[in-house]
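A.B. asks:
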Ligand SMILES: [Zn+2]
C-alpha cells in the first residue's frame, strides 16, 4: 500500500475477562494440563500469560466480516484452498505471471472490504494489534473436561482431559494501530470495538464451554494526521487527504472525513509534520458512534467495494 504515512489512529485497550479465559499454547507438553496458556515475558522480565496480537486481529477480522456479511457485502474466505469460494490473495496469485506482479494499488482496488482492511497475502493490512499482556502473572485454575461418548451421550471412559484457565476479572493490556485508513474502515472498526466494549465477543478456546468472554475498555485514543496543512477540525481518511493521488487505489467515494468540532472542543497540535489529537474519555463514545454512522452510510449507499465471487 502507500509508501507514506497519511493518518493513524491508536487505541489503548484493557481487555477484561468476563468469563474464565484460555488462549492455548500450541504443541504438546509431557507434564501438566493438556491445554495450557501461552506465555511471554513482560517488561519486568517475568513470565506472563499472553493473548497474541494475531489472535486479537483474528477476532476483529472475524467480527468485521460478520458485520459485512450481515449487510450483504461479500467478503472472501482466507482459508479456502480451492473451489468456488474466493480468496483475494489467491485470485492475485493467479493473475501474476513471472515478473508481472499485481501492483499494490491494483491489489487494494480489487480486494474485498475485509482484505482492504486486514490484508491478504498480497499486501499488509491497515490494522495492527500488539500482544495483550497482564501487568503481572495471573493465577491459573485447572479444570477437568470430559470427552462425550457419541453413542451413549455420557462420559467416554478414559477421555478425561485437563485445561488451565485464568479467572474472570483478569485484565490484559494492548494497543491497536490503524494506519492509512479510509473513514469507512474506521467506521467498521468502531462498530466492532463497540461490540468488544459491550462484552459481545469471545476469544480463545472453549467458547462453547462458556469460556472466552471479554469486555474491552478504551483507555486512550490518539489520532495523527501527517502533512503540512492543518486538518482543521476534521479527522480525514486517505481519500480526503490524498485527492487525485489516491485514484489508483479506487478509494470509496463516500463520506471520508468527520467534523470533530461538533463532537469535542479539541484541536490538533502540531508536532513538525505530524498533527496529533487525543480524544478525551468523555467524547470517545460520541466519536465511535459518528464513525459507525459513516460506515453505515457508505454501506447503505452502495459505496463499499464489491468483488466478483
Ligand atoms: Zn478478500
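Residue numbers (the working numbering): 207 to 515. C-beta atoms are modelled at their ideal positions from N, C-alpha and C, and glycine is treated no differently.
(1) Nearest CA to the CA of residue 483: which residue from 448, 439, 360?
(2) Quick one: does the C-beta of residue 326 sit closer than 7 Å to a heavy atom of ligand 1?
(3) With distances taken from CA atoms, which of 337, 248, 276, 211 is nearest residue 257?
(4) Could you say if the region 485 to 494 and the region 242 to 260 meet the contact criterion of at least three C-beta pairs nearer than 8 Å?
(5) The alpha helix (DSSP H) spanning residue 430 covers which residue range?
(6) Return the bridge partner residues of residue 380 from the DSSP annotation.
(7) Using the Cα positions of residue 331 and residue 223, report the straight-line distance between them to the nearest angstrom.
(8) Considering only the alpha carbon of each residue, which of 456, 462, 493, 411 lies closest to residue 471?
(9) Just to check my reading of the structure: residue 308 and residue 324 have Cβ atoms closer than 8 Å, yes? What is that Cβ distance to the nearest angstrom?
(10) Any heavy atom of ligand 1 inside 7 Å of the beta-carbon of residue 317?
(11) For ligand 1, is there a heavy atom less than 7 Å away from the beta-carbon of residue 281?
(12) With the cut-off set at 8 Å, would you say residue 228 and residue 243 are in Cβ contact?
C.D. replies: According to the structure data:
(1) Here the question's residue 483 lines up with position 277 in the chain shown. Distances from the alpha-carbon of residue 483 to those of 448, 439, 360 put 439 closest.
(2) Walking along the chain shown from the start, residue 326 turns up at place 120. Within the cutoff, so yes.
(3) Locating residue 257 in the chain shown gives position 51, where the first residue counts as 1. Of the listed residues, the one whose Cα sits closest to residue 257 is 337.
(4) no
(5) The sequence position of residue 430 within the chain shown is 224, counting from 1. Counting along the chain, residue 430 falls outside any alpha helix (DSSP H), though it belongs to the beta strand (DSSP E) covering 419 to 432.
(6) Position 174 of the chain shown holds residue 380. The partner list for residue 380 (beta bridge, DSSP) reads 219.
(7) For the purposes of this step, residue 331 is identified with residue 125 of the chain shown, where counting begins at 1. For the purposes of this step, residue 223 is identified with residue 17 of the chain shown, where counting begins at 1. Per the coordinates, the alpha-carbon of residue 331 lies some 27 Å from the alpha-carbon of residue 223.
(8) As a working mapping, residue 471 is identified with position 265 in the chain shown. Taking only the C-alpha atoms, the option nearest residue 471 is 493.
(9) The residue labelled residue 308 in the question sits at position 102 within the chain shown. The residue labelled residue 324 in the question sits at position 118 within the chain shown. In fact, because the Cβ distance is near 18 Å, the residues do not count as touching under 8 Å.
(10) In the chain shown, the residue the question calls residue 317 occupies position 111. For ligand 1, at least one heavy atom lies less than 7 Å from the Cβ of residue 317.
(11) On the chain shown, residue 281 is found 75 positions in, with the first residue counted as 1. For ligand 1, at least one heavy atom lies less than 7 Å from the Cβ of residue 281.
(12) Position 22 of the chain shown, counted from the first residue, corresponds to residue 228. Position 37 of the chain shown, counted from the first residue, corresponds to residue 243. Yes.
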